[in-house]
Amino acid sequence: MDSIFVTFEKALKKRFAIGAFNFYNLETLQAILEAGEITASPVICSVSESALQYMGIDATVMMFEALTEKKKYPAYLHLDHGKSFEVCKKAIDAGFDSVMIDGSALPFDENVKLTKRVVKYADKHGVFVEGEIGTLSGIEDNTIVDEKDSKYTNPQEAKKFLDLTKVNSLAVAIGTSHGAYKFSGDPKLRIDILSNIEKELGKFPIVLHGASTVDLKLIKQINARGGKIKNAKGVSVEDISEICKHHNVCKVNVDTDLRICFIASLRKNLKACPKEINPRFFFSDAKEEMKNLIITKIKLFQGKL
Ligand SMILES: [Zn+2]
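Offset between the sequence shown (1-based) and this note's numbering: plus 7.
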């Protein structure tokens with residue numbers, strides 16, 4: 008089975024993006040892994056720091072290992088937005104395939120220093136490292152970044168960061184943000200900035216965060232059944248498709264869309280089946296719907312939609 012390094016090389020060469028999906032329990036992990044098998048595709052299973060606290064690192068790794076043992080296609084365990092050397096080290100020691108060290112909120116020099124330290128440790132263990140430069144606005148678990156403070160990635164700075172840190176992939180800020188409320192104005196990504204970054208970096212894997220498209224039909228469904236999600240807005244499917252087909256983006260992260268899908272399913276079935284008290288009844292349906300959504304995402308990222 009291909010290592011994560013080889014899979015990224017293939018993605019870069021063949022111009023597709025690997026889907027990176029967040030999980031936080033058995034059902035969400037099953038949904039990702041089953042979608043990978045059905046589409047015969049590699050998948051990245053991401054765990055945020057708070058999801059790691061929620062599940063515990065030992066349970067996370069054991070669950071991942073148990074469920075991937077008999078898989079035909081590669082799945083990689085990835086730490087999403089590690090904020091410190093310590094948490095990255097913990098993930099590496101526990102057997103993660105890949106870690107993201109997110110020093111993007113730090114001044115450039117400090118981000119370089121922190122990222123270099125993680126790369127040095129990860130290298131010794133054959134673990135893949137994603138860095139980030141430029142801040143994404145929105146909500147990412149414990150971190151809240153004001154929209155006005157959000158910065159697009161500076162292409163020259165990105166090149167310098169890469170040369171100094173030797174990370175394996177780089178997350179950039181081109182106008183996406185985390186959460187369900189991505190744009191207050193025109194929902195347009197700065198694909199021009201992405202092209203400039205690519206000119207500076209050459210053939211190098213870029214990562215796109217905050218890439219949920221936010222299905223307004225599902226938001227409507229949630230709100231019709233007691234939810235209160237107002238003014239949600241995501242990235243357009245066309246932008247994602249263009250980025251995956253014609254750019255060096257090799258990993259696209261999706262979390263919000265999966266959450267929306269899962270909750271829409273739960274609200275629908277809780278309302279429809281008021282006498283049912285078996286949680287598995289609700290969770291298995293939510294998992295199926297999430298799996299179908301992930302299949303669609305994988306195809307979109309492979310340029311097949
Ligand atoms: Zn992110």
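Note that beta-carbon positions come from the ideal geometry of N, C-alpha and C, so glycine has one too.
**Asked** Run through DSSP, which three-state label would H253 get?
**Response** For this step, residue 253 is matched to residue 246 along the sequence shown. Here H253 sits in helix by DSSP.
**Message:** Closest to K206 by C-alpha separation, out of N255, V134 and E117, would be which residue?
**Reply:** The count along the sequence shown starts at 1 and reaches residue 206 at position 199. Among N255, V134 and E117, the Cα nearest to that of K206 is on N255.
**Message:** Would I267 and I226 be called neighbours here (beta carbons separated by less than 8 Å)?
**Reply:** Within the sequence shown, numbered from 1, the residue matching residue 267 stands at position 260. Within the sequence shown, numbered from 1, the residue matching residue 226 stands at position 219. Contact flag set, yes.
**Prompt:** Per DSSP, D87 forms a beta bridge with which residues?
**Reply:** Translated into positions along the sequence shown, residue 87 becomes position 80. D87 pairs with S55.
**Own chain, CB closer than 7 Å to F23, minus 5 neighbours either side, in chain order** = In the sequence shown, residue 23 corresponds to position 16, counting from 1. Correct list, in chain order: C251, F308, Q309 and G310.
**Prompt:** Cβ atoms of C280 and I25: under 8 Å apart, would you say?
**Reply:** Position 18 of the sequence shown, counted from the first residue, corresponds to residue 25. Position 273 of the sequence shown, counted from the first residue, corresponds to residue 280. Going by C-beta atoms, I25 is not nearer than 8 Å to C280.
**Prompt:** Which of the three DSSP states, helix, strand or coil, is assigned to A82?
**Reply:** In the sequence shown, residue 82 corresponds to position 75, counting from 1. Three-state DSSP puts A82 in a strand.
**Sequence-distant residues of its chain with Cβ nearer than 7 Å to K298 (five each side left out)** = Counting from one through the sequence shown, the residue named residue 298 turns up at place 291. So the list reads A38, E41 and A42, once near-sequence residues are dropped.
**Request:** Compute every distance between the C-beta of N118 and the non-hydrogen atoms of ligand 2, then say whether any falls below 7 Å.
**Result:** Inclusion of ligand 2 in the displayed structure is not the case, the ligand content consisting of ligand 1 alone.
**Prompt:** Can you tell me whether DSSP reads D156 as helix, strand or coil?
**Reply:** Residue numbering aside, residue 156 sits at position 149 when the sequence shown is read from its first letter. Since pLDDT at D156 reaches only 44, below the 50 mark, its modelled position is unreliable, and no value is offered.
**Request:** Determine the extent of the alpha helix (DSSP H) in which E72 is found, giving its start and end residues.
**Result:** Here residue 72 refers to the residue found at position 65 when the sequence shown is read from its first residue. Element bounds for E72: I64 to T75.
**Request:** Tell me whether H253 counts as near ligand 1, meaning its Cβ is closer than 7 Å to at least one heavy atom of that ligand.
**Result:** By 1-based counting over the sequence shown, the position of residue 253 is 246. Outside the cutoff, so no.
**Item:** Where the beta strand (DSSP E) through E1 begins and ends
**Value:** Lying before the first or after the last residue shown, residue 1 is absent from the chain, which here runs from 8 to 312.
**Prompt:** Does at least one heavy atom of ligand 1 sit under 7 Å from the Cβ of N260?
**Reply:** In the sequence shown, the residue the question calls residue 260 occupies position 253. N260: yes, Cβ under 7 Å from ligand 1.
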